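This report refers to the structure that appears directly beneath it.
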Amino acid sequence: MGLKVILILTITLCISILFSIIGVFFHQSLQLDEEKLFFKWFISMCLTVIGYSIVVYFVIPNIL
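For the sequence shown, position 49 (counting from the first letter as 1) is numbered 49 according to the UniProt record's numbering, and the numbering increases by one without interruption.
Here it is as structure tokens:
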């Protein structure tokens, strides 16, 4: 059972890293100024934290 939790967290982490890398390349292609870039990075980090919370509180207890 502990292995499933580790697997889910690893997959979620990989997906969030992938999205952040895609977001960085997307922002570089738009050539936004630093202030907007930081603001969008901050929003994406908040969404990542919310996504982790949803996975931890709702998805994992249903699997166990």
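Glycine is no exception: its CB is placed at the ideal position from the N, C-alpha and C atoms.
Source: prediction; values computed, not measured.
Residue-chain proximity (residue i, chain C), Cβ-Cβ < 9 Å
i, result
"asparagine 62", "The chain labelled as chain C is not found in the depicted structure, where only one protein chain is given."
Alpha-carbon spacing of residue i relative to residue j, whole angstroms
i, j, result
"isoleucine 11", "isoleucine 54", "14 Å"
"cysteine 14", "isoleucine 8", "10 Å"
Same chain only: Cβ atoms within 7 Å of residue i, ignoring 5 sequence neighbours per side
i, result
"phenylalanine 58", "none"
Cβ-Cβ distance between residue i and residue j below 9 Å
i, j, result
"serine 44", "phenylalanine 19", "yes"
"lysine 40", "glycine 51", "no"
Spatial neighbours of residue i in its chain, beta-carbon cut-off 6 Å, leaving aside the 5 residues before and after
i, result
"phenylalanine 48", "Before going on, a small fix: residue 48 reads as threonine here, not phenylalanine. Closer than 6 Å at the Cβ level, and outside the excluded window around threonine 48, lie Ser16."
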